[in-house]
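Structure first, commentary second.
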């Protein structure tokens, strides 16, 4: 459904460090940097899920939004969700919900929920159906 999504960040580089460290188990890496002004000015940074392709998660300089945003990133399996959790702990990120099955969503919904540097609720999720 979505081609890409972006968040405004209070500090883009802090957010880039968070997402590339915590979501490294999902292959997150910097795909593109776009200058917004003279050298040294904050950049818009596009992240992608490893192995090339276009950047589909964008972090832009700006004011963090007052209302919490939520985004869930697809994980290839439950082990990847667990690895995101471990990376979050190593990074010192706030864990909102440790990895577990969330049957209220559906019986095979396995996820971890975290707080990003701007206060947003971000998630790694794996769906098992059948």
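Residue numbers (full-length UniProt numbering): 1 to 130.
In this text, a Cβ means the ideal position worked out from N, Cα and C, and glycines have one as well.
These numbers were taken from a predicted model, which means no experiment stands behind them.
Using only alpha-carbon positions, find the residue among 102, 114 and 15 that is nearest to residue 64. Taking the first residue of the chain shown as position 1, residue 64 is located at position 64. The candidate whose alpha carbon is nearest that of residue 64 is 15.
When DSSP labels each residue in this structure, what does residue 59 get in the three-state scheme? Position 59 of the chain shown, counted from the start, is the residue given in the question as residue 59. Note: residue 59 maps to strand in three-state DSSP.
As assigned by DSSP and simplified to three states, the class of residue 66: Here residue 66 refers to the residue found at position 66 when the chain shown is read from its first residue. It is coil, neither helix nor strand.
Determine, using beta-carbon pairs with one atom in the stretch 30-41 and one in the stretch 80-89, whether at least three such pairs fall under 8 Å. no
Determine the direct distance from the alpha carbon of residue 110 to that of residue 6, and round the result to whole angstroms. Residue 6 sits at position 6 when you count from the first residue of the chain shown. Residue 110 sits at position 110 when you count from the first residue of the chain shown. Straight-line Cα distance between these residues: approximately 24 Å.
Check whether the Cβ atoms of residue 114 and residue 93 lie closer than 9 Å to each other. Locating residue 114 in the chain shown gives position 114, where the first residue counts as 1. Locating residue 93 in the chain shown gives position 93, where the first residue counts as 1. Yes. Within cutoff.
Contact check, residue 126 vs residue 74, beta carbons under 9 Å: Against the chain shown, residue 126 aligns to sequence position 126. Against the chain shown, residue 74 aligns to sequence position 74. The answer is yes: Cβ separation under 9 Å.
Strictly by DSSP, which residues pair up with residue 115? Residue mapping note: residue 115 aligns to position 115 of the chain shown, counting from 1. DSSP output for residue 115 lists 94 and 121 as bridge partner(s).
For the beta strand (DSSP E) that residue 28 lies in, which residues bound it at each end? The count along the chain shown starts at 1 and reaches residue 28 at position 28. Element bounds for residue 28: 28-35.
Own chain, CB closer than 6 Å to residue 118, minus 5 neighbours either side, in chain order: For the purposes of this step, residue 118 is identified with residue 118 of the chain shown, where counting begins at 1. Around residue 118: 9, 10 and 64.
Contact set for residue 99: own chain, Cβ-Cβ below 6 Å, skip 5 residues either direction: Residue numbering aside, residue 99 sits at position 99 when the chain shown is read from its first letter. Correct list, in chain order: 81, 82, 85 and 112.
Candidates 17, 3, 120 and 60: which alpha carbon is nearest residue 69's? For the purposes of this step, residue 69 is taken as the residue at position 69 of the chain shown. Of the candidates 17, 3, 120 and 60, the one whose C-alpha sits nearest the C-alpha of residue 69 is 120.
Return the CA-CA distance between residue 116 and residue 1, expressed in angstroms with no decimal places. Position 116 of the chain shown, counted from the first residue, corresponds to residue 116. Position 1 of the chain shown, counted from the first residue, corresponds to residue 1. Rounded to the nearest angstrom, the two C-alpha atoms are 24 Å apart.
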